[in-house]
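Have a look at the structure below, then the notes.
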Amino acid sequence: MNHDFNQDFFSLFGLPRRFAIDAAGLDAAWRAAAAQVHPDRYAASSDAEKRSALMLATRVNEAYQTLKSPLNRARYLLQLSGVDTQEENNTRMPGDFLMAQMEWREGIDDARADVDALESLSRRLRAEVKDLQAELETALDARADLDAAAVLVRKLRFMEKLDQEIGDAIGNLLD
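Here the sequence shown stands for residues 5 to 179, numbered as in our numbering.
Below, the structure written as structure tokens:
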């Protein structure tokens, strides 16, 4: 394993720098890298080597967590290309998406007392998220349309918040 802290997360695992990722390949590369840099392997080493192993293990885990999440992977790819997704300060969205968000929120409010209805909303939401992820793959991998990808990342962030809201509502009913 290359111990270069300047290499990107894809290079760290020997993967192509793309949104579409082989999840099994990522898992296998992570397990191999994590085993190689696990601090226990350096128990008899010098303090400097132990610190280095700990830093490498931390970087390997951070890289894995980033790449296994489609939203985080897209953010990371955009960051590597110098694109700020402006998630914190740019909430402008297409009108149809904003209307859909209002409908989702109304649906959640209407279903707050019904676990089955909330779970149905969750399934529909996850299907829409998959569609957005497919659009993101096209924008990043096929078209290299970084502006469209940044908008899609912001949309997915909204969807992630809705998913959390649905999960919280279900949790409150089951408590």
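Virtual Cβ for every residue (Gly too), placed ideally from N, Cα, C.
Practice item. Counting only the same chain and skipping the five closest in sequence on each side, list residues whose C-beta sits under 6 Å from that of Q137. Key: Position 133 of the sequence shown, counted from the start, is the residue given in the question as residue 137. These residues qualify, in order along the chain: P74.
* Asked: Can you list, in chain order, the residues of its chain whose CB lies under 8 Å from that of N6, leaving out five sequence neighbours each side?
  -> Here residue 6 refers to the residue found at position 2 of the sequence shown. Unreliable positioning characterises N6 in this predicted model, as indicated by a pLDDT of 49, which lies under 50. The coordinate reading is nonetheless provided below. Here the set comprises S15, L16.
Review point. Where does the unbroken alpha helix (DSSP H) through Y80 begin, and where does it stop?
Key: For the purposes of this step, residue 80 is taken as residue 76 along the sequence shown, with counting starting at 1. Element bounds for Y80: 74 to 84.
Worksheet item: So is F9 buried or exposed if we call it buried at 16+ other beta carbons inside 10 Å?
Response: For the purposes of this step, residue 9 is taken as the residue at position 5 of the sequence shown. Exposed, since its Cβ has fewer than 16 Cβ neighbours within 10 Å.
Mapping the DSSP letters down to three states, classify M163 as helix, strand or coil. The residue given as residue 163 occupies position 159 in the sequence shown. Helix at M163.
- Does the distance from the C-beta atom of G18 to that of A38 stay below 9 Å? As a first step, residue 18 is located in the sequence shown; it is residue number 14 there, counting from the start. As a first step, residue 38 is located in the sequence shown; it is residue number 34 there, counting from the start. Cβ atoms of G18 and A38: not closer than 9 Å.
inquiry  = Comparing C-alpha positions only, which one of D100, D167, A104, S85 sits nearest to D151?
reply    = As a first step, residue 151 is located in the sequence shown; it is residue number 147 there, counting from the start. Nearest neighbour of D151 by Cα position, chosen from D100, D167, A104, S85, turns out to be S85.
Quiz item: Given R161, which residues of its chain have a CB within under 6 Å of its CB, disregarding the five upstream and five downstream residues?
Solution: Counting from 1 along the sequence shown, the entry for residue 161 is found at position 157. Here the set comprises E91.
- Message: Under 8 Å: do the stretch 115 to 124 and the stretch 46 to 66 share three or more Cβ pairs, one atom per stretch?
- Response: no
### Message
One question on the structure: do D88 and A24 come within less than 9 Å of each other, judged by their Cβ atoms?
### Response
Indexing the sequence shown from 1 puts residue 88 at position 84. Indexing the sequence shown from 1 puts residue 24 at position 20. Not in contact: D88 and A24 (Cβ atoms no closer than 9 Å).
Euclidean distance between Cα positions of A3 and G111: No statement about residue 3 is possible, as the shown extent of the chain runs from 5 to 179 and does not include it.
DSSP three-state assignment for D113, whether helix, strand or coil: Stepping through the sequence shown from its first residue, residue 113 is reached at position 109. Here D113 sits in helix by DSSP.
Item to complete: Count the other CB atoms, across all protein chains shown, that sit within 10 Å of the CB of A173; report buried if there are 16 or more and exposed otherwise.
Response: Counting from one through the sequence shown, the residue named residue 173 turns up at place 169. Result: buried.
* To do: Report the residue from P43, F13, L156, Q83 whose alpha carbon sits nearest the alpha carbon of T142.
  => Here residue 142 corresponds to residue number 138 of the sequence shown, with the count starting at 1. Per the Cα distances, L156.
Spatially closest choice to K54 from A27, Q69, V41, by CA coordinates: On the sequence shown, residue 54 is found 50 positions in, with the first residue counted as 1. For K54, the nearest C-alpha among the options comes from V41.
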